[in-house]
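Numbering (my numbering), first residue to last: 52 to 373.
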(Lines of atoms letter the chains of each structure in order from A and count residues from 1; the text may use other names and numbers.)
(Lines give C-alpha, C1' and ligand atoms only; values in the text may rest on other atoms or scores of the structure.)
Protein backbone atom coordinates (compact mmCIF):
# COMPACT_ATOMS: atom_id res chain seq x y z
CA UNK A 1 0.00 0.00 0.00
CA UNK A 2 1.13 3.52 -0.73
CA UNK A 3 0.31 6.61 1.33
CA UNK A 4 -0.22 10.16 0.13
CA UNK A 5 2.83 12.36 -0.21
CA UNK A 6 1.28 14.89 2.14
CA UNK A 7 1.61 13.28 5.57
CA UNK A 8 -1.00 13.35 8.30
CA UNK A 9 0.61 16.29 10.10
CA UNK A 10 0.49 18.36 6.93
CA UNK A 11 -3.16 17.48 6.39
CA UNK A 12 -3.99 18.46 9.93
CA UNK A 13 -2.41 21.87 9.41
CA UNK A 14 -4.39 22.37 6.21
CA UNK A 15 -7.58 21.28 7.96
CA UNK A 16 -6.88 23.74 10.78
CA UNK A 17 -6.52 26.60 8.28
CA UNK A 18 -9.75 25.51 6.62
CA UNK A 19 -11.67 25.43 9.90
CA UNK A 20 -10.40 28.91 10.79
CA UNK A 21 -11.45 30.14 7.35
CA UNK A 22 -14.87 28.53 7.76
CA UNK A 23 -15.56 30.16 11.12
CA UNK A 24 -14.35 33.59 10.00
CA UNK A 25 -16.27 33.38 6.70
CA UNK A 26 -19.47 32.43 8.52
CA UNK A 27 -19.16 35.38 10.91
CA UNK A 28 -18.37 37.79 8.06
CA UNK A 29 -21.32 36.48 6.06
CA UNK A 30 -23.69 37.27 8.91
CA UNK A 31 -22.16 40.72 9.36
CA UNK A 32 -22.41 41.47 5.62
CA UNK A 33 -26.02 40.35 5.37
CA UNK A 34 -27.08 42.38 8.41
CA UNK A 35 -25.15 45.45 7.22
CA UNK A 36 -26.50 45.11 3.69
CA UNK A 37 -30.12 44.92 4.83
CA UNK A 38 -29.87 47.64 7.49
CA UNK A 39 -27.65 49.83 5.31
CA UNK A 40 -29.71 49.40 2.10
CA UNK A 41 -26.77 48.12 0.03
CA UNK A 42 -27.49 45.64 -2.78
CA UNK A 43 -23.76 45.12 -3.33
CA UNK A 44 -23.28 44.21 0.32
CA UNK A 45 -26.22 41.80 0.31
CA UNK A 46 -24.87 40.18 -2.87
CA UNK A 47 -21.46 40.02 -1.25
CA UNK A 48 -23.03 38.26 1.73
CA UNK A 49 -24.51 35.63 -0.59
CA UNK A 50 -21.06 35.03 -2.09
CA UNK A 51 -19.64 34.74 1.41
CA UNK A 52 -22.20 32.11 2.36
CA UNK A 53 -21.10 30.17 -0.74
CA UNK A 54 -17.53 30.71 0.47
CA UNK A 55 -18.48 29.18 3.83
CA UNK A 56 -20.03 26.14 2.18
CA UNK A 57 -16.89 25.83 0.06
CA UNK A 58 -14.71 25.75 3.16
CA UNK A 59 -16.86 22.94 4.53
CA UNK A 60 -16.37 20.97 1.31
CA UNK A 61 -12.61 21.50 1.40
CA UNK A 62 -12.37 20.49 5.05
CA UNK A 63 -14.25 17.26 4.36
CA UNK A 64 -12.15 16.59 1.24
CA UNK A 65 -8.90 16.98 3.17
CA UNK A 66 -10.18 14.52 5.77
CA UNK A 67 -11.01 11.98 3.07
CA UNK A 68 -7.78 12.58 1.12
CA UNK A 69 -5.70 11.92 4.24
CA UNK A 70 -6.98 8.33 4.46
CA UNK A 71 -4.36 5.75 3.44
CA UNK A 72 -4.85 3.57 0.38
CA UNK A 73 -6.77 0.37 1.02
CA UNK A 74 -7.94 -2.74 -0.83
CA UNK A 75 -10.94 -1.00 -2.37
CA UNK A 76 -9.00 2.19 -3.16
CA UNK A 77 -5.46 1.07 -4.03
CA UNK A 78 -4.60 4.49 -5.46
CA UNK A 79 -5.74 6.30 -2.32
CA UNK A 80 -8.31 9.05 -1.88
CA UNK A 81 -6.37 11.99 -3.31
CA UNK A 82 -9.02 12.85 -5.91
CA UNK A 83 -11.36 13.93 -3.13
CA UNK A 84 -9.49 17.23 -3.34
CA UNK A 85 -10.38 17.64 -7.02
CA UNK A 86 -14.02 16.90 -6.22
CA UNK A 87 -13.94 19.61 -3.56
CA UNK A 88 -12.41 22.09 -6.03
CA UNK A 89 -15.17 21.25 -8.50
CA UNK A 90 -17.79 21.76 -5.80
CA UNK A 91 -16.35 25.11 -4.74
CA UNK A 92 -16.29 26.25 -8.37
CA UNK A 93 -19.92 25.22 -8.85
CA UNK A 94 -20.93 27.17 -5.74
CA UNK A 95 -19.19 30.25 -7.12
CA UNK A 96 -21.09 29.95 -10.41
CA UNK A 97 -24.43 29.74 -8.58
CA UNK A 98 -23.49 32.70 -6.38
CA UNK A 99 -22.47 34.79 -9.40
CA UNK A 100 -25.76 34.25 -11.22
CA UNK A 101 -27.76 35.02 -8.08
CA UNK A 102 -25.87 38.30 -7.65
CA UNK A 103 -26.65 39.35 -11.24
CA UNK A 104 -30.36 38.56 -10.90
CA UNK A 105 -30.55 40.39 -7.57
CA UNK A 106 -28.73 43.45 -8.93
CA UNK A 107 -30.97 43.82 -11.99
CA UNK A 108 -34.01 43.45 -9.76
CA UNK A 109 -32.80 46.34 -7.60
CA UNK A 110 -32.04 48.53 -10.63
CA UNK A 111 -35.68 48.62 -11.73
CA UNK A 112 -36.91 49.48 -8.22
CA UNK A 113 -36.27 53.08 -7.03
CA UNK A 114 -34.42 53.14 -3.71
CA UNK A 115 -32.36 55.31 -1.38
CA UNK A 116 -28.52 55.24 -1.45
CA UNK A 117 -26.70 52.96 1.03
CA UNK A 118 -25.78 54.19 4.50
CA UNK A 119 -22.22 55.65 4.74
CA UNK A 120 -21.29 53.40 7.67
CA UNK A 121 -21.46 50.36 5.38
CA UNK A 122 -18.13 51.53 3.93
CA UNK A 123 -16.39 50.90 7.27
CA UNK A 124 -17.82 47.39 7.39
CA UNK A 125 -16.52 46.66 3.89
CA UNK A 126 -13.00 47.94 4.62
CA UNK A 127 -12.70 45.65 7.65
CA UNK A 128 -14.04 42.67 5.69
CA UNK A 129 -11.58 43.20 2.81
CA UNK A 130 -8.61 43.29 5.19
CA UNK A 131 -9.69 40.11 6.99
CA UNK A 132 -10.39 38.21 3.77
CA UNK A 133 -7.06 39.15 2.18
CA UNK A 134 -5.29 37.94 5.33
CA UNK A 135 -7.17 34.64 5.15
CA UNK A 136 -6.18 34.26 1.50
CA UNK A 137 -2.49 34.66 2.29
CA UNK A 138 -2.55 32.26 5.25
CA UNK A 139 -4.46 29.50 3.44
CA UNK A 140 -2.50 29.89 0.17
CA UNK A 141 0.80 29.63 2.02
CA UNK A 142 -0.23 26.25 3.43
CA UNK A 143 -1.66 25.12 0.08
CA UNK A 144 1.58 25.89 -1.78
CA UNK A 145 3.71 24.37 0.95
CA UNK A 146 1.87 21.03 0.84
CA UNK A 147 0.73 21.12 -2.81
CA UNK A 148 -2.98 20.84 -1.97
CA UNK A 149 -5.38 21.76 -4.79
CA UNK A 150 -8.36 21.74 -2.43
CA UNK A 151 -6.70 24.17 -0.01
CA UNK A 152 -5.61 26.29 -2.98
CA UNK A 153 -9.23 26.42 -4.13
CA UNK A 154 -10.25 27.47 -0.64
CA UNK A 155 -7.65 30.25 -0.67
CA UNK A 156 -8.86 31.57 -4.02
CA UNK A 157 -12.38 31.52 -2.65
CA UNK A 158 -11.23 33.93 0.09
CA UNK A 159 -9.53 36.10 -2.54
CA UNK A 160 -12.67 36.21 -4.69
CA UNK A 161 -14.60 37.27 -1.60
CA UNK A 162 -12.11 40.08 -1.00
CA UNK A 163 -12.47 41.17 -4.64
CA UNK A 164 -16.27 41.24 -4.51
CA UNK A 165 -16.07 43.23 -1.28
CA UNK A 166 -13.67 45.68 -2.97
CA UNK A 167 -16.09 46.08 -5.87
CA UNK A 168 -18.87 46.64 -3.36
CA UNK A 169 -16.74 49.26 -1.59
CA UNK A 170 -16.25 51.20 -4.82
CA UNK A 171 -19.90 50.92 -5.78
CA UNK A 172 -21.21 51.91 -2.37
CA UNK A 173 -18.78 54.85 -2.21
CA UNK A 174 -20.05 56.19 -5.55
CA UNK A 175 -23.68 55.54 -4.60
CA UNK A 176 -23.25 57.36 -1.26
CA UNK A 177 -21.16 60.36 -2.29
CA UNK A 178 -21.70 60.58 -6.06
CA UNK A 179 -25.16 62.20 -6.06
CA UNK A 180 -24.08 64.71 -3.39
CA UNK A 181 -20.89 65.72 -5.18
CA UNK A 182 -22.16 65.74 -8.77
CA UNK A 183 -25.92 66.12 -8.46
CA UNK A 184 -26.40 63.04 -10.65
CA UNK A 185 -29.00 60.89 -8.90
CA UNK A 186 -28.37 58.00 -11.27
CA UNK A 187 -25.07 57.31 -9.51
CA UNK A 188 -27.10 55.57 -6.81
CA UNK A 189 -27.13 52.62 -9.24
CA UNK A 190 -23.35 52.27 -8.85
CA UNK A 191 -24.13 49.97 -5.93
CA UNK A 192 -25.85 47.49 -8.26
CA UNK A 193 -23.24 48.00 -11.00
CA UNK A 194 -20.55 46.98 -8.53
CA UNK A 195 -22.49 43.83 -7.70
CA UNK A 196 -22.73 42.89 -11.39
CA UNK A 197 -19.01 43.55 -11.91
CA UNK A 198 -18.19 41.40 -8.90
CA UNK A 199 -20.20 38.52 -10.36
CA UNK A 200 -17.95 38.55 -13.43
CA UNK A 201 -14.86 38.25 -11.24
CA UNK A 202 -16.49 35.37 -9.37
CA UNK A 203 -17.15 33.51 -12.65
CA UNK A 204 -13.51 33.91 -13.69
CA UNK A 205 -12.40 32.51 -10.33
CA UNK A 206 -14.83 29.60 -10.75
CA UNK A 207 -13.33 28.77 -14.14
CA UNK A 208 -9.86 28.89 -12.58
CA UNK A 209 -10.95 26.18 -10.12
CA UNK A 210 -13.19 23.98 -12.25
CA UNK A 211 -10.85 23.41 -15.20
CA UNK A 212 -7.89 21.80 -13.36
CA UNK A 213 -10.31 19.81 -11.20
CA UNK A 214 -11.94 18.31 -14.28
CA UNK A 215 -8.55 17.53 -15.80
CA UNK A 216 -7.53 15.63 -12.68
CA UNK A 217 -10.83 13.75 -12.40
CA UNK A 218 -10.60 12.76 -16.08
CA UNK A 219 -6.97 11.60 -15.65
CA UNK A 220 -5.57 14.18 -18.06
CA UNK A 221 -1.81 13.82 -18.35
CA UNK A 222 0.70 16.44 -17.28
CA UNK A 223 3.32 16.86 -20.01
CA UNK A 224 5.44 19.01 -17.73
CA UNK A 225 5.48 16.34 -15.03
CA UNK A 226 6.13 13.61 -17.62
CA UNK A 227 9.18 15.54 -18.82
CA UNK A 228 10.52 15.67 -15.25
CA UNK A 229 10.01 11.92 -14.87
CA UNK A 230 11.88 11.24 -18.10
CA UNK A 231 14.75 13.54 -17.15
CA UNK A 232 15.23 11.66 -13.87
CA UNK A 233 14.78 8.13 -15.24
CA UNK A 234 17.17 8.51 -18.17
CA UNK A 235 20.00 9.34 -15.76
CA UNK A 236 19.79 5.88 -14.21
CA UNK A 237 22.71 3.74 -15.37
CA UNK A 238 21.46 0.89 -17.55
CA UNK A 239 18.36 2.60 -18.94
CA UNK A 240 18.65 2.52 -22.74
CA UNK A 241 15.34 4.03 -23.77
CA UNK A 242 12.12 5.27 -22.14
CA UNK A 243 9.35 3.94 -24.33
CA UNK A 244 6.22 5.21 -22.56
CA UNK A 245 5.34 7.54 -19.68
CA UNK A 246 1.79 7.90 -18.34
CA UNK A 247 1.30 10.39 -15.50
CA UNK A 248 -1.94 11.24 -13.71
CA UNK A 249 -2.41 13.58 -10.80
CA UNK A 250 -4.26 12.63 -7.62
CA UNK A 251 -4.53 15.29 -4.93
CA UNK A 252 -1.10 16.39 -3.79
CA UNK A 253 0.65 13.49 -5.52
CA UNK A 254 0.69 11.62 -8.83
CA UNK A 255 0.66 8.05 -10.16
CA UNK A 256 3.05 6.79 -12.82
CA UNK A 257 3.11 4.02 -15.43
CA UNK A 258 6.38 3.76 -17.32
CA UNK A 259 7.91 1.42 -19.91
CA UNK A 260 11.71 1.29 -19.69
CA UNK A 261 13.92 -0.49 -22.22
CA UNK A 262 17.17 -2.10 -21.04
CA UNK A 263 19.96 -4.26 -22.46
CA UNK A 264 18.23 -7.39 -23.89
CA UNK A 265 21.12 -9.57 -22.64
CA UNK A 266 20.34 -8.80 -18.98
CA UNK A 267 18.96 -11.64 -16.88
CA UNK A 268 15.40 -11.36 -15.57
CA UNK A 269 16.76 -10.77 -12.08
CA UNK A 270 19.09 -7.99 -13.26
CA UNK A 271 16.38 -6.33 -15.33
CA UNK A 272 14.00 -6.46 -12.37
CA UNK A 273 16.68 -4.95 -10.14
CA UNK A 274 17.22 -2.13 -12.63
CA UNK A 275 13.48 -1.42 -12.66
CA UNK A 276 13.57 -1.16 -8.87
CA UNK A 277 16.51 1.22 -9.11
CA UNK A 278 14.54 3.44 -11.50
CA UNK A 279 11.60 3.49 -9.12
CA UNK A 280 13.78 4.30 -6.11
CA UNK A 281 15.47 7.14 -7.99
CA UNK A 282 12.13 8.58 -9.03
CA UNK A 283 10.83 8.46 -5.46
CA UNK A 284 13.95 10.25 -4.23
CA UNK A 285 13.90 12.97 -6.89
CA UNK A 286 10.12 13.42 -7.14
CA UNK A 287 8.57 13.26 -3.63
CA UNK A 288 5.06 13.70 -5.05
CA UNK A 289 5.21 10.20 -6.57
CA UNK A 290 2.56 8.03 -4.89
CA UNK A 291 2.63 4.83 -6.97
CA UNK A 292 4.91 3.76 -9.81
CA UNK A 293 4.51 0.80 -12.15
CA UNK A 294 7.78 0.23 -14.04
CA UNK A 295 7.51 -2.17 -16.97
CA UNK A 296 10.93 -3.38 -18.18
CA UNK A 297 11.36 -4.32 -21.86
CA UNK A 298 14.33 -5.37 -24.05
CA UNK A 299 15.99 -2.49 -25.86
CA UNK A 300 15.13 -2.26 -29.57
CA UNK A 301 17.95 -1.22 -31.90
CA UNK A 302 15.57 0.99 -33.86
CA UNK A 303 15.87 3.44 -30.98
CA UNK A 304 19.67 3.49 -31.11
CA UNK A 305 21.05 6.91 -30.26
CA UNK A 306 17.78 8.05 -28.70
CA UNK A 307 17.74 7.98 -24.91
CA UNK A 308 14.51 9.73 -23.96
CA UNK A 309 10.83 9.48 -24.65
CA UNK A 310 9.81 12.53 -26.71
CA UNK A 311 7.36 14.87 -25.03
CA UNK A 312 5.04 16.49 -27.59
CA UNK A 313 4.93 20.25 -27.80
CA UNK A 314 1.57 21.32 -26.43
CA UNK A 315 0.20 24.83 -26.68
CA UNK A 316 -1.13 26.49 -23.51
CA UNK A 317 -4.69 26.19 -24.84
CA UNK A 318 -4.25 22.45 -25.44
CA UNK A 319 -2.86 21.98 -21.95
CA UNK A 320 -5.94 23.61 -20.49
CA UNK A 321 -8.41 21.68 -22.61
CA UNK A 322 -10.24 18.94 -20.75
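Note that beta-carbon positions come from the ideal geometry of N, C-alpha and C, so glycine has one too.
Would you give the residue range spanned by the alpha helix (DSSP H) that residue i belongs to?
| i | result |
| --- | --- |
| residue 163 | Neither: residue 163 is in no alpha helix (DSSP H) and is coded neither H nor E. |
| residue 327 | 319–336 |
| residue 240 | From DSSP, residue 240 is part of no alpha helix (DSSP H); its letter is neither H nor E. |
| residue 228 | 200–233 |
| residue 272 | No alpha helix (DSSP H) contains residue 272, which DSSP labels as neither H nor E. |
| residue 113 | 93–119 |
| residue 90 | From DSSP, residue 90 is part of no alpha helix (DSSP H); its letter is neither H nor E. |
| residue 192 | 172–197 |
Beta strand (DSSP E) containing residue i: first to last residue?
| i | result |
| --- | --- |
| residue 295 | 290–301 |
Based on the DSSP secondary-structure assignment, which residues constitute the bridge partners of residue i?
| i | result |
| --- | --- |
| residue 306 | 299, 342 |
| residue 313 | 290, 349 |
Could you pull out every residue in the same chain whose Cβ sits closer than 6 Å to the Cβ of residue i, ignoring the five residues on either side in sequence?
| i | result |
| --- | --- |
| residue 163 | none |
| residue 135 | 115, 119, 200, 201, 302 |
| residue 160 | 93, 243 |
| residue 322 | 313, 347 |
| residue 138 | 111, 112, 115, 201 |
| residue 264 | 136, 139, 140 |
| residue 326 | 345, 347 |
Excluding the 5 residues flanking residue i on each side, which residues of the same chain have their C-beta closer than 7 Å to its C-beta?
| i | result |
| --- | --- |
| residue 210 | 187 |
| residue 336 | 283 |
| residue 310 | 294, 295, 346, 348 |
| residue 190 | 68, 72, 202, 205, 206, 209 |
| residue 167 | 226, 227, 230, 239 |
| residue 107 | 145 |
| residue 224 | 173 |
| residue 25 | Absent from the structure is residue 25, since the part of the chain shown begins at 52 and ends at 373. |
| residue 300 | 267, 273 |
From the options, pick the residue whose C-alpha is nearest to that of residue i; which is it?
| i | options | result |
| --- | --- | --- |
| residue 246 | 266, 275, 214 | 214 |
| residue 261 | 140, 268, 146, 196 | 140 |
| residue 338 | 276, 200, 82 | 276 |
| residue 281 | 270, 329, 243, 304 | 329 |
| residue 155 | 181, 177, 100 | 100 |
| residue 87 | 146, 169, 273, 331 | 169 |
| residue 198 | 145, 305, 218 | 305 |
| residue 258 | 129, 224, 299, 143 | 143 |
| residue 196 | 65, 332, 344 | 65 |
| residue 178 | 193, 126, 83 | 83 |
| residue 217 | 185, 299, 180, 121 | 180 |
| residue 279 | 97, 334, 185 | 334 |
| residue 221 | 271, 182, 98 | 98 |
| residue 91 | 219, 327, 340 | 219 |
Mind checking whether the beta-carbon of residue i lies closer than 7 Å to any heavy atom of the ligand ADP?
| i | result |
| --- | --- |
| residue 71 | With respect to the ligand ADP, the structure shown offers nothing to examine, as it has no ligands at all. |
Between residue i and chain D, is any beta-carbon pair separated by less than 8 Å?
| i | result |
| --- | --- |
| residue 332 | Absent from the structure is chain D; it holds one protein chain and no more. |
What residues in its chain sit with their C-beta under 8 Å from that of residue i, if we drop five residues either side in the sequence?
| i | result |
| --- | --- |
| residue 350 | 291, 292, 312, 313, 314, 315 |
| residue 332 | 283, 284, 286, 287 |
* Specify whether the region 286–295 and the region 218–236 touch according to this definition: at least 3 beta carbon pairs, one from each stretch, less than 8 Å apart. => no
* Asked: Between the region 244–256 and the region 290–301, do at least 3 Cβ pairs fall closer than 8 Å?
  -> no
* Asked: Okay, do the region 172–190 and the region 252–272 touch, 3+ Cβ pairs below 8 Å being the bar?
  -> no
* Would you be able to state if there are at least three C-beta pairs under 8 Å between the region 136–153 and the region 70–90? => no
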